[in-house]
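Asker: Next up is a structure, given as structure tokens.
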Amino acid sequence: MRPLLLALTTISALALHPTAAHAWGQTAHAVIDRAAIEAIPDDGPVFLRKHVDYIARSASLPDSWRGDAENFSKMDEDPNHGWFREQFTFVNPIPRSRHEFVLALYKHYQTIKDSDPQTAQRTNVRWTGTLPYAAMEAYERLITCMRYVRKAQAEGGDASIPEQHCAFQVIRLGHYIGDGAQPHHDSIHSDGWRGDNPKGYTTDRSVHGRFESQFVDGMGLTTADIAPRIGAPRRQSGDMFDAVLGFLNKAGDMVEDLYKLEKRDGFADFADKDVRAFVYDRTTAGAAMLRDMLCRAWAESASPPAKITPSPLDANNPRFNPETGSAPG
Numbered sequence: 459m460r461p462l463l464l465a466l467t468t469i470s471a472l473a474l475h476p477t478a479a480h481a482w483g484q485t486a487h488a489v490i491d492r493a494a495i496e497a498i499p500d501d502g503p504v505f506l507r508k509h510v511d512y513i514a515r516s517a518s519l520p521d522s523w524r525g526d527a528e529n530f531s532k533m534d535e536d537p538n539h540g541w542f543r544e545q546f547t548f549v550n551p552i553p554r555s556r557h558e559f560v561l562a563l564y565k566h567y568q569t570i571k572d573s574d575p576q577t578a579q580r581t582n583v584r585w586t587g588t589l590p591y592a593a594m595e596a597y598e599r600l601i602t603c604m605r606y607v608r609k610a611q612a613e614g615g616d617a618s619i620p621e622q623h624c625a626f627q628v629i630r631l632g633h634y635i636g637d638g639a640q641p642h643h644d645s646i647h648s649d650g651w652r653g654d655n656p657k658g659y660t661t662d663r664s665v666h667g668r669f670e671s672q673f674v675d676g677m678g679l680t681t682a683d684i685a686p687r688i689g690a691p692r693r694q695s696g697d698m699f700d701a702v703l704g705f706l707n708k709a710g711d712m713v714e715d716l717y718k719l720e721k722r723d724g725f726a727d728f729a730d731k732d733v734r735a736f737v738y739d740r741t742t743a744g745a746a747m748l749r750d751m752l753c754r755a756w757a758e759s760a761s762p763p764a765k766i767t768p769s770p771l772d773a774n775n776p777r778f779n780p781e782t783g784s785a786p787g
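Okay, so the sequence shown: first residue is 459 according to the numbering used here, each after it adds one.
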């Protein structure tokens, strides 16, 4: 199936099977993805430009995997869209393994379930989130897919199939990074202020959607609004997992700023300059991070996979964890 036809099919399917709004909304997600791809320099994965419509028009696809009717998919996918860090301050450092993270949560749950049942109720993978793991999993799959693009290009063959594999992984990665740029996705205050509230911030669950969907659509956000703000690629060296965690932490630190804007009724006026500036800042940050990860993945794909000895599955590996059956990343 050609990329554009596949995109149209995807959008039609989403229209027939709507799910609750969980993320930025199609507008911001599409703007972030499109801006990121348009900002790829000529020595980056420029082949993605020909798939930009498919990627942008499918930007909200991962939200459709969270419907109540498909519960196996929902249980797996729901946590991938959040990183509610106040809920797991006891986990330090953050494990470099999704499974080790889940085990750490469960062990803590076991220690507090009787003494603090209210906290224990949310000390689980659904209410902590797994966003950085989902992002890294998509990122590393993208590296693998890009190696096949390079192989086809080097051999003078048809790269269209591996390019489409890459485009699908970009949809996944772009969605998680886009979510992570929005502070509601990086805090327990994702759907109204939780816990102590001396400043009287709203506890209305609609605050999430009123910002990221209603306001963004109302202000008419476009790719042109953020494209000049993205700048040159960064994060082309260093540990990518640490970079993702830093990106999420920065966004999470801004959640109270968002509630301050809501408290003065800023979301009600689509011309509000401060709320618009916040949208521009966060969507630009998401697009820049995504572009950086796409370029870094392309650079990584130029090298063959590293040989890991002993294997991560080998109990002789010094980092092997018998509780997960593998060494962490």
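Ideal placement from N, C-alpha and C gives every residue a C-beta, glycine not left out.
Alpha carbon to alpha carbon, how far is F530 from V583?
Answerer: Here residue 530 is taken as the residue at index 72 of the sequence shown, counted from 1. Here residue 583 is taken as the residue at index 125 of the sequence shown, counted from 1. So the alpha carbons of these two residues sit roughly 15 Å apart.
Asker: I'd like to check one pair, R554 with G787: are the Cβ atoms closer than 9 Å?
Answerer: The residue labelled residue 787 in the question sits at position 329 within the sequence shown. The residue labelled residue 554 in the question sits at position 96 within the sequence shown. In contact: G787 and R554 (Cβ atoms closer than 9 Å).
Asker: Between which residues of its own chain and A479 is the CB-CB distance below 7 Å, once the five residues before and five after are set aside?
Answerer: By 1-based counting over the sequence shown, the position of residue 479 is 21. For A479, the predicted structure reports a pLDDT of 42, less than 50, and the residue's modelled location is therefore unreliable. The matter cannot be settled from this model.
Asker: Examine the ligand GDP and report whether any of its heavy atoms sits within less than 8 Å of the Cβ of L519.
Answerer: Of the ligands one can find in the structure shown there are none, so the ligand GDP has no counterpart to examine.
Asker: Enumerate in chain order the residues of its own chain whose CB-to-CB distance from E496 is below 8 Å, with the five nearest sequence positions on each side excluded.
Answerer: Against the sequence shown, residue 496 aligns to sequence position 38. Only R507, V510, T681, A685 meet the Cβ criterion.
Asker: What's the gap between the Cα of A592 and the Cα of T741?
Answerer: Your numbering for residue 592 matches position 134 in the sequence shown. Your numbering for residue 741 matches position 283 in the sequence shown. Near 19 Å, if we compare the C-alpha coordinates of T741 and A592.
Asker: Within the same chain, show all residues whose beta-carbon is closer than 8 Å to that of T485, passing over the 5 residues directly before and after it, in chain order.
Answerer: Translated into positions along the sequence shown, residue 485 becomes position 27. Hits under 8 Å: S671, V674, D675, L679.
Asker: Looking at the C-beta of E558, does it have a partner C-beta in chain C at a distance below 9 Å?
Answerer: The structure shown has no chain C; it contains just one protein chain.
Asker: Apart from the five residues just before and just after L563, which ones in its own chain have a Cβ nearer than 7 Å to its Cβ?
Answerer: To locate residue 563, count along the sequence shown from 1; it is residue 105. Cβ neighbours of L563 beyond the five flanking positions: F546, T581, N582, V583, T586.
Asker: Whole alpha helix (DSSP H) runs in the segment 503 to 579 with 4 or more residues, listed along the chain?
Answerer: Counting whole runs of 4 or more residues, the segment 503 to 579 contains the alpha helix (DSSP H) stretches 510 to 515, 519 to 522, 529 to 535, 556 to 570, 575 to 578.
Asker: In angstroms with no decimal places, state the Cα-to-Cα distance between F699 and P768.
Answerer: Translated into the one-based positions of the sequence shown, residue 699 becomes position 241. Translated into the one-based positions of the sequence shown, residue 768 becomes position 310. Distance between the alpha carbons of F699 and P768 is about 22 Å.
Asker: One question on the structure: do S516 and G483 come within less than 9 Å of each other, judged by their Cβ atoms?
Answerer: Taking the sequence shown and counting its residues from 1, one reaches residue 516 at position 58. Taking the sequence shown and counting its residues from 1, one reaches residue 483 at position 25. Their beta carbons are not under 9 Å apart, which means S516 does not touch G483 by this criterion.
Asker: Kindly indicate which three-state DSSP category N779 falls into: helix, strand or coil?
Answerer: Counting from one through the sequence shown, the residue named residue 779 turns up at place 321. Of the three classes helix, strand and coil, the one that applies to N779 here is strand, per DSSP.
Asker: What residue from M747, P776, Y717 has the CA that sits closest to G658's CA?
Answerer: Position 200 of the sequence shown, counted from the start, is the residue given in the question as residue 658. Ranking the options by Cα distance to G658, first place goes to Y717.
Asker: Taking Cβ to Cβ, would you say V665 is nearer than 9 Å to D654?
Answerer: Counting from one through the sequence shown, the residue named residue 665 turns up at place 207. Counting from one through the sequence shown, the residue named residue 654 turns up at place 196. No, they are not a contact pair.
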